[in-house]
């Protein structure tokens, strides 16, 4: 009895060791198998999203992979569509803002803040046969044109007044002043050639631009230009235009006006005879 005790203890120890080894091997086996299953599933899931497209798995519409892929594709398409719409809205908004800015710039360039453009106005020839009276006692050449149009058609007045054919400056500064007059001479009357036209043949047609200042008694000549009215005997009429323009410093209250040598011969059409000024700086 005494000798069998140690043997039984050894046997129990060996049995425990064997059981421990078996359990350890079993755990290691199941762990390895589980890791293999996880890796396989992970690879399958990734390939489901990246290695296939929606059209290639239409036969497996009930499969979980197909459902996941479909949802991902729909989300991507929705996100891209929303982004594209936002970009188009921003482009339209930017385009509209650019157009508005360009329109404002062009408007400011095409029509300065202080400007005037008056045009010819048709009045009976009897009213303008002699033109406006020349300033008595003052050296002013020609006949003043006083029948300009300031509101209708191509004409406009912007912070400049038109009084008795004169442009009245409201703001001091450097102005560009210009004028054009269009002369039309008819040569033959009912009884043949007019003796007055014979006398006028070969005479120059002059245009003057004057400035009147409140601080100076006489008008000041700013510019003048001329054309020679020469025509053949067989022609029925002759056409001549005189144009001039230049930069001048003007002060508040200064007046500008135009005179010509023969006011009755001026063709007062708005596209041919005009007068104006605009502020540069």
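Residue numbers (my numbering): 252 to 532.
Note that CB positions come from ideal geometry on N, CA and C, so glycine has one too.
If you reduce the DSSP assignment to three classes, tell me which class residue i lands in.
i, result
"residue 470", "coil"
"residue 478", "strand"
"residue 533", "Past the edges of the chain, shown from 252 to 532, lies residue 533, and the structure says nothing about it."
"residue 404", "coil"
"residue 497", "strand"
"residue 394", "strand"
"residue 271", "helix"
"residue 303", "Legend: pLDDT at residue 303 = 49, less than 50; position of this residue unreliable, no value from coordinates given."
"residue 388", "Model confidence at residue 388 stands at a pLDDT of 45, short of 50, so the residue's coordinates are unreliable and nothing is read from them."
"residue 445", "Caution applies to residue 445, whose pLDDT of 49 falls short of 50 and renders its modelled position unreliable; the model cannot decide the point."
"residue 381", "Any reading at residue 381 must be qualified, since the residue scores a pLDDT of 49, below 50, and its modelled position is unreliable; the value itself is stated next. Three-state DSSP puts residue 381 in coil, outside helix and strand."
"residue 263", "helix"
Within the continuous beta strand (DSSP E) that includes residue i, where are the two ends?
i, result
"residue 373", "Run containing residue 373: none; DSSP gives neither H nor E here."
"residue 412", "411 to 414"
In the DSSP output, what is residue i paired with across the bridge?
i, result
"residue 462", "471 and 507"
"residue 563", "The shown model of the chain, from 252 to 532, leaves out residue 563, and the question about it has no answer."
"residue 526", "369 and 430"
"residue 455", "479"
"residue 417", "414"
"residue 424", "501"
Spatial neighbours of residue i within its chain, please: C-beta separation below 8 angstroms, excluding the five flanking residues on both sides.
i, result
"residue 369", "399, 400, 401, 406, 408, 413, 418, 525, 526 and 527"
"residue 264", "none"
"residue 381", "Only weak support exists for where residue 381 lies, its pLDDT of 49 falling under 50; the coordinates are left without a value."
"residue 332", "none"
"residue 477", "455, 456, 457, 458 and 493"
"residue 424", "365, 500, 501, 530, 531 and 532"
"residue 410", "364, 365, 366, 421 and 422"
Spatial neighbours of residue i within its chain, please: C-beta separation below 7 angstroms, excluding the five flanking residues on both sides.
i, result
"residue 465", "504"
"residue 428", "460, 473, 496, 497, 499, 507 and 528"
"residue 442", "Its pLDDT being 49, under 50, residue 442 is placed unreliably in this model, and the value from its coordinates should be taken loosely. Closer than 7 angstroms at Cβ, skipping near neighbours: no residue."
"residue 373", "519"
"residue 270", "none"
"residue 303", "Residue placement at residue 303 is poorly supported in this model, since its pLDDT is 49, which falls under 50; the coordinates still yield a value, given next. For residue 303, where only same-chain residues beyond five positions count, the Cβ hits under 7 angstroms are 320."
Residues in its own chain within less than 6 angstroms of residue i by CB, not counting five upstream and five downstream?
i, result
"residue 520", "371"
"residue 479", "455"
"residue 217", "Because the chain is modelled from 252 through 532, residue 217 falls outside the range shown and cannot be assessed."
"residue 471", "462"
With a cut-off of 7 angstroms, does the C-beta of residue i fall near any C-beta of chain C?
i, result
"residue 464", "The structure shown contains no chain C; it holds only a single protein chain."
The stretch 413 to 426 / the stretch 514 to 521 touching (three or more Cβ pairs under 8 angstroms)
Cβ pair count under 8 angstroms is below three, so no.
Inter-stretch contact (C-beta, 8 angstroms, three-pair minimum) for the stretch 422 to 436 and the stretch 489 to 496
By the criterion of at least three beta-carbon pairs nearer than 8 angstroms, the stretch 422 to 436 is in contact with the stretch 489 to 496.
Contact between the stretch 342 to 353 and the stretch 502 to 513: three or more CB pairs below 8 angstroms?
Verdict: no, contact absent.
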